[in-house]
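A.B. asks:
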Amino acid sequence: MINFLTENFLGFYKFLYSLTNDYGLALILFTFLFRLSILPLSYLVFKEEIKLKKIRPKIKNLMEKHKNDPLKQLEEINKIYQEEKFNPFLSIVFQFLPFPLLIAIFFLLKKILAENKNLMFLGVINLASKNPILIGLTIFFQFLSVYLFNKEDLKNQFLLIGLIALVIINFPAIFSIYWLTNLILLIIEKKLFLFYEEKLKPISLEK
Numbered sequence: 001m002i003n004f005l006t007e008n009f010l011g012f013y014k015f016l017y018s019l020t021n022d023y024g025l026a027l028i029l030f031t032f033l034f035r036l037s038i039l040p041l042s043y044l045v046f047k048e049e050i051k052l053k054k055i056r057p058k059i060k061n062l063m064e065k066h067k068n069d070p071l072k073q074l075e076e077i078n079k080i081y082q083e084e085k086f087n088p089f090l091s092i093v094f095q096f097l098p099f100p101l102l103i104a105i106f107f108l109l110k111k112i113l114a115e116n117k118n119l120m121f122l123g124v125i126n127l128a129s130k131n132p133i134l135i136g137l138t139i140f141f142q143f144l145s146v147y148l149f150n151k152e153d154l155k156n157q158f159l160l161i162g163l164i165a166l167v168i169i170n171f172p173a174i175f176s177i178y179w180l181t182n183l184i185l186l187i188i189e190k191k192l193f194l195f196y197e198e199k200l201k202p203i204s205l206e207k
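In terms of my numbering, the sequence shown opens at residue 1 and continues consecutively.
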C-alpha cells in the first residue's frame with residue numbers, strides 16, 4: 001500500500017515539476033494540494049481537539065474529586081463524553097488515518113533525493129543539502145503553531161519542538177521545505193477553522 005501511494009505521489013510530483021520547472025515550488029504546490037485533499041479529515045480532527053480542550057479541565061477535576069474511586073471516575077468521565085458527544089476512540093482514528101499518506105510522502109522525498117542530486121529551489125537553494133535558514137524557519141513555525149494553539153500544554157510541546165529540531169537538522173533541505181510548508185498551511189487552516197466555528201457557524205445556525 002505504501003509503495004503504491006509513493007509511486008502515485010511521485011508521478012504527481014513529476015507532473016507538478018513539469019509545470020513549475022522548480023523542485024521546491026513543485027513540492028510546495030504538492031503539499032498545498034495534499035492538505036487541500038485531506039481538509040475534511042483535518043476539520044474533523046480539529047473539532048475533536050476543541051471538544052477535548054473543553055472537557056479536559058472537567059476530567060481533571062473529576063479525577064481529583066474521585067481519586068480513591070476509579071470506577072466512579074470512569075462513570076463520570078463517560079457521562080462527560082456523552083454530554084459533549086466526544087468519542088475518544090473516534091478521535092484517535094481520525095488522527096491516525098493520514099499516517100499511511102504521511103509515510104508515503106516521507107518515501108516520496110527520499111525517492112526524489114535518490115533520483116536527483118541537484119534539487120534547486122528558486123535557483124539558489126539546493127534541497128539535496130542541509131540549509132540552516134530553512135531549519136531555523138521550520139523550528140520557528142513549529143513554535144508558533146504550539147504558541148497559537150497549545151498554550152496550555154506549552155512545557156510538553158517544547159519537548160516535542162526539541163525532538164523535531166534534533167531530527168530535522170539531520171535531514172536535507174527538501175524535508176525542511178516540506179515540513180515548513182505543511183506548518184504554515186496548518187496554521188492558516190486552523191485559523192480558518194476557528195473563524196468558521198466562532199463567527200460563521202453561529203450565524204448559519206441562527207438562520
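Where is the CB? At the ideal position from N, CA and C, for every residue including glycine.
(1) For PHE171, which of helix, strand or coil comes out of DSSP?
(2) Do we get a CB-CB distance below 9 Å when we pair LEU137 with the residues of chain C?
(3) CB LYS51 to CB LYS85, shorter than 9 Å?
(4) Starting from the C-beta of ILE187, find all residues in its chain whose C-beta is less than 6 Å away, skip the five residues before and the five after it, and write them out in chain order.
(5) On the DSSP letters alone, give me the boundaries of the alpha helix (DSSP H) that LEU101 sits inside.
(6) Are there three or more Cβ pairs, one per stretch, closer than 8 Å when the segment 78–97 is compared with the segment 12–30?
(7) Thinking C-beta only, is ASN116 closer than 9 Å to TYR178?
(8) In chain order, what residues of the same chain have a beta carbon less than 6 Å from the beta carbon of ILE103, not counting five sequence neighbours either side?
(9) What do you get for SER129, buried or exposed, if any count of 16 or more other CB atoms within 10 angstroms of its CB means buried?
(10) Do you know whose CA, among ASN118, PHE149, PHE94, lies nearest PRO40's CA?
C.D. replies: So, from the data block:
(1) coil
(2) Included in the structure is just one protein chain, with no chain C present.
(3) yes
(4) SER145
(5) 99–115
(6) no
(7) no
(8) ILE2
(9) exposed
(10) PHE94
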